[in-house]
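Data first, discussion second: the structure below is written as structure tokens.
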Amino acid sequence: MANLTLVQAINLALTQEMEADDRIVLLGEDIGLNGGVFRVTEGLQQRFGEDRVVDTPLAESGIMGSAIGLAMAGMRPIPEIQFEGFLGPAYDQLINHGARYRTRSRGAITVPLTVRVPVGGGIHAPELHSDSPEAIYAHHPGIKVVMPASPYDAKGLLISAIRDPDPVIYFEPKRIYRAFREEVPEDEYTIPLGKAKIVEEGSDLTIVTWGAPVLQCLEAMDKLPDDISVELIDLRTIYPYDMDCIEESVRKTGRCVVVHEAPKTSGFGAEIAAMVQERCFLHLEAPVQRVTGYDTIMPYYKLELDYLPEADRIAEGVMACAAY
Amino acid sequence: MTTAPPSAQVASDEEKKTKRLSDKLPDKTLLKWLRDMMLIREFETRTMQAYSNAQIGGFCHVYTGQEACAVGTIGSVEHDDPVITAYRDHGHALARGMDPKFCMAEMYGKITGCAKGKGGSMHMFDKPNHLYGGHGIVGAQTPLGAGLAFATRYEREVMEATDKKRVCLCYLGDGALNQGALHEAMNLAGLLDLPVIYIVENNGYSMGTSIARGTTMADDLLKKSDAYGIDGIEIDGMDIRDIYDEFKPFADDLRDRQRPGFVNLITYRYHGHSMSDPQKYRTKDEVKEFQERDSIDVLAKHLMEDRDCLSEDEYKEMQKELRAEVREAVKFAEDSEFPDVEAELYSDVFLNPMAGLSPSHDYPIGEENPILEEAEEKDDSED
Ligand SMILES: Cc1ncc(C[n+]2csc(CCOP(=O)(O)OP(=O)(O)O)c2C)c(N)n1
Ligand SMILES: [Mg+2]
Numbered sequence: 178m179a180n181l182t183l184v185q186a187i188n189l190a191l192t193q194e195m196e197a198d199d200r201i202v203l204l205g206e207d208i209g210l211n212g213g214v215f216r217v218t219e220g221l222q223q224r225f226g227e228d229r230v231v232d233t234p235l236a237e238s239g240i241m242g243s244a245i246g247l248a249m250a251g252m253r254p255i256p257e258i259q260f261e262g263f264l265g266p267a268y269d270q271l272i273n274h275g276a277r278y279r280t281r282s283r284g285a286i287t288v289p290l291t292v293r294v295p296v297g298g299g300i301h302a303p304e305l306h307s308d309s310p311e312a313i314y315a316h317h318p319g320i321k322v323v324m325p326a327s328p329y330d331a332k333g334l335l336i337s338a339i340r341d342p343d344p345v346i347y348f349e350p351k352r353i354y355r356a357f358r359e360e361v362p363e364d365e366y367t368i369p370l371g372k373a374k375i376v377e378e379g380s381d382l383t384i385v386t387w388g389a390p391v392l393q394c395l396e397a398m399d400k401l402p403d404d405i406s407v408e409l410i411d412l413r414t415i416y417p418y419d420m421d422c423i424e425e426s427v428r429k430t431g432r433c434v435v436v437h438e439a440p441k442t443s444g445f446g447a448e449i450a451a452m453v454q455e456r457c458f459l460h461l462e463a464p465v466q467r468v469t470g471y472d473t474i475m476p477y478y479k480l481e482l483d484y485l486p487e488a489d490r491i492a493e494g495v496m497a498c499a500a501y
Numbered sequence: 121m122t123t124a125p126p127s128a129q130v131a132s133d134e135e136k137k138t139k140r141l142s143d144k145l146p147d148k149t150l151l152k153w154l155r156d157m158m159l160i161r162e163f164e165t166r167t168m169q170a171y172s173n174a175q176i177g178g179f180c181h182v183y184t185g186q187e188a189c190a191v192g193t194i195g196s197v198e199h200d201d202p203v204i205t206a207y208r209d210h211g212h213a214l215a216r217g218m219d220p221k222f223c224m225a226e227m228y229g230k231i232t233g234c235a236k237g238k239g240g241s242m243h244m245f246d247k248p249n250h251l252y253g254g255h256g257i258v259g260a261q262t263p264l265g266a267g268l269a270f271a272t273r274y275e276r277e278v279m280e281a282t283d284k285k286r287v288c289l290c291y292l293g294d295g296a297l298n299q300g301a302l303h304e305a306m307n308l309a310g311l312l313d314l315p316v317i318y319i320v321e322n323n324g325y326s327m328g329t330s331i332a333r334g335t336t337m338a339d340d341l342l343k344k345s346d347a348y349g350i351d352g353i354e355i356d357g358m359d360i361r362d363i364y365d366e367f368k369p370f371a372d373d374l375r376d377r378q379r380p381g382f383v384n385l386i387t388y389r390y391h392g393h394s395m396s397d398p399q400k401y402r403t404k405d406e407v408k409e410f411q412e413r414d415s416i417d418v419l420a421k422h423l424m425e426d427r428d429c430l431s432e433d434e435y436k437e438m439q440k441e442l443r444a445e446v447r448e449a450v451k452f453a454e455d456s457e458f459p460d461v462e463a464e465l466y467s468d469v470f471l472n473p474m475a476g477l478s479p480s481h482d483y484p485i486g487e488e489n490p491i492l493e494e495a496e497e498k499d500d501s502e503d
């Protein structure tokens, strides 16, 4: 066991998987010599060489498309896109092609690809460097969407993503890259994709969230009166998502609050709210609440914490739902 | 593939001596250039200070070392020629005439900034000065520049709203050469005769990747523009007189013929890519080599020794004035207010705010953009 940050846990998972499987190739801007903008791939080029950790030109469409081509031919490429905003130029390759090959070829050609992308706000970065586009990717059939919220989960989920036979977009919440450490086993282990985690058990109300806001939710729970018992669910995989876990919890609590950084309208919270009413209608004591970012472009850092769902706003949302 | 590091070697003085276009310019033009370059240098020095004092946040890319590029090329065209650039944009904003206080306030995240403090370092917009902004997505501005150029033709030839021929200056870094968007844009511009000039500020690096490691034909970039039937030239970007000598006739000709152009403008950034860059990819000697022919020193020397229109004392006085001007901009930024959350978080998304447009929230009209406000006041006082 070692006490690791999220960054170190990802680096460890990459190292171990690359040791075990020589089909794995890393591609990205400044990931080799410089170790990546967030230093997630630090040391990997020294260890595995320039053929397996490839410094690419500044060309997201090219990076994504060639990674997909590698995957179609049986490799296990892991491209890094430096920030979620730069997925724009890569979107066509990933969504119009990568995500559709299994279907288009009716199973003959598959794309075992893991795209690593730092995501979300909270680091004083501007728009395009602070956004949370997970719902956009979850909307497209054919690609899985993962977002860890702790070092332990980061390692296990990444290994599952790499070994998964289909494309996975693995979002890394940059706000918690180095926010805290956790015991992470040296041995390889996997956490199945599509399985949520109950972070705290409770009986009065369910919070569903993922990524960095898990921490803000915990902080919010400390602010609540003692007589409200909250069950906190970290979704971990946004698509396919663990509706069974949510359903079981909401049937028990009768109340549900969804928390995410992305704008409210058409955010993934909307999907969850719809499914909760579909599956738990007769158990609900209150409408599903959403505490989210706003329907506007991420503002510069001074307003950042007003935009993001911070603890106070989450606590308010919980109280409103509880008091309904 | 060449792996040679960027080189500061230039044409010998002998080669340059034979009549220069810039020799015909009056002293005051060159003095203005010197002043503008020094303003940018001083501005960026204070920017870095404010950043290390955590008064500026986000990502911040300074222009130090490249001053001659923006000042020289913008100084070679008309004020109403549109300009668009990437994220290393403070220099272009100042060269285009943005008041430094709006620029500094933007980075401080204040409501008095050119993007109302809601954008930051990469968001220098100044419509009254025909500056269409910085762009945080590398290469994104290159098709936009083609569109701005398209509009100038459309306005003149289809709408017949003006008989003035204009060109668009579209700046990009060497890293942006590798983005697909640029290649689509160049093809379009070549095909449709769009008067956009792609000015590659080639500082040799894209973050930590040297041009030779990231770009094919790094030592013969004009082949890229050749492929699209676009005229190209290479210019030493450390000497503003060279820039004018070469760029002015090039731009004039493109304006006249209404054709696109491509410039490989060789320059250097003295500081890291952003404020957190350990710079493992280059040597201190390489930085020094360029600093030895610093564009400000070179021009100041020319004005003092060849033109004899600037004394050591006057130069120092100029430095003092600029320091005061930038200090004032900093003070303006410090004294300004942060945007009001209620009023500004939802403003500037749509022009047409109406109750119920979104079930979650209305879109209020926030405060007026300070740059537009100033331009309106100016207009009024001229009437
Ligand atoms: C599409 C996209 N990919 C990556 C980045 C991250 N990034 C910002 S600047 C930069 C390097 C750009 O280098 P260059 O174009 O040479 O400009 P310079 O920094 O030298 O001015 C990179 C990779 C980005 N902003 N946009
Ligand atoms: Mg560059």
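Protein sequence lines, in the order shown, are assigned to chains C and U.
Under this note's numbering, the first sequence has 233 at position 56, and the numbering climbs by one with no breaks.
Under this note's numbering, the second sequence has 459 at position 339, and the numbering climbs by one with no breaks.
Glycine residues also receive a C-beta, built at the ideal position from the N, C-alpha and C atoms.
Flag residue i as yes when its Cβ comes closer than 7 Å to any non-hydrogen atom of ligand 2, and as no otherwise.
| i | result |
| --- | --- |
| Y325 (chain U) | yes |
| D246 (chain U) | no |
| G334 (chain U) | no |
| G293 (chain U) | yes |
Does any CB atom of chain C fall closer than 8 Å to the CB of residue i?
| i | result |
| --- | --- |
| H481 (chain U) | yes |
| R333 (chain U) | yes |
| K221 (chain U) | no |
| D351 (chain U) | no |
| T122 (chain U) | Model confidence at T122 (chain U) stands at a pLDDT of 41, short of 50, so the residue's coordinates are unreliable; what they give is reported in the following sentence. No, no contact with chain C. |
| V316 (chain U) | no |
| S172 (chain U) | no |
| M66 (chain U) | Look at the range of chain U in this structure, 121 to 503, and you will see that residue 66 (chain U) is not part of it. |
| K400 (chain U) | yes |
| S456 (chain U) | no |
| V182 (chain U) | no |
Is residue i near ligand 1, going by C-beta to nearest heavy atom under 7 Å?
| i | result |
| --- | --- |
| P266 (chain C) | yes |
| R293 (chain C) | no |
| L207 (chain U) | First, the residue type needs correcting, since residue 207 (chain U) is Tyr and not Leu in the sequence shown. Y207 (chain U) Cβ: within cutoff of ligand 1. |
| F263 (chain C) | yes |
| H507 (chain U) | Residue 507 (chain U) is absent from the structure shown; chain U starts at 121 and stops at 503. |
| G256 (chain U) | yes |
| R389 (chain U) | yes |
| Q259 (chain C) | yes |
| A296 (chain U) | yes |
Would residue i count as contacting chain U if we go by Cβ distances under 8 Å?
| i | result |
| --- | --- |
| H301 (chain C) | yes |
| T386 (chain C) | no |
| L191 (chain C) | no |
| Y157 (chain C) | An answer regarding residue 157 (chain C) cannot be provided, because it is not within the stretch 178 to 501 covered by chain C. |
So for residue i, helix, strand or coil by DSSP?
| i | result |
| --- | --- |
| L292 (chain U) | strand |
| S406 (chain C) | coil |
| D232 (chain C) | strand |
| E163 (chain C) | Outside the shown range of chain C (178 to 501) lies residue 163 (chain C), about which nothing can therefore be said. |
| Q185 (chain C) | helix |
| D330 (chain C) | helix |
| A179 (chain C) | strand |
| P254 (chain C) | strand |
| E321 (chain U) | strand |
| G275 (chain C) | helix |
| M121 (chain U) | Low confidence applies to M121 (chain U): its pLDDT is 38, below 50, so where it sits in the model is not reliable enough to give any reading. |
What does residue i touch in chain C if you count any residue whose Cβ is under 9 Å from its own?
| i | result |
| --- | --- |
| T329 (chain U) | E206, D207, L210, N211, D232, T233, P234, L235 |
| P459 (chain U) | P476, Y477, K479, L480 |
Just list the residues that DSSP pairs residue i with in beta bridges.
| i | result |
| --- | --- |
| Y228 (chain U) | None, per the DSSP bridge assignment. |
| P295 (chain C) | C:E349 |
| Y416 (chain C) | C:V322 |
| H210 (chain U) | Looking at the DSSP assignment, H210 (chain U) forms no beta bridge with any residue, so it has no partner. |
| G470 (chain C) | C:P440 |
| E359 (chain C) | C:L181 |
| N384 (chain U) | U:V320, U:E354 |
Show which residues of chain C have a CB atom less than 7 Å away from the CB atom of residue i.
| i | result |
| --- | --- |
| N298 (chain U) | P234, L235, A236 |
| S478 (chain U) | T442, D472 |
Please compile the residues from chain U whose C-beta is within a distance smaller than 7 Å of the C-beta of residue i.
| i | result |
| --- | --- |
| P476 (chain C) | K238, L465 |
List, in order along the chain, the chain U residues whose C-beta lies closer than 9 Å to that of residue i?
| i | result |
| --- | --- |
| L392 (chain C) | Ordered by position in chain U, no residue passes the 9 Å Cβ test against L392 (chain C), which lies about 20 Å from the chain. |
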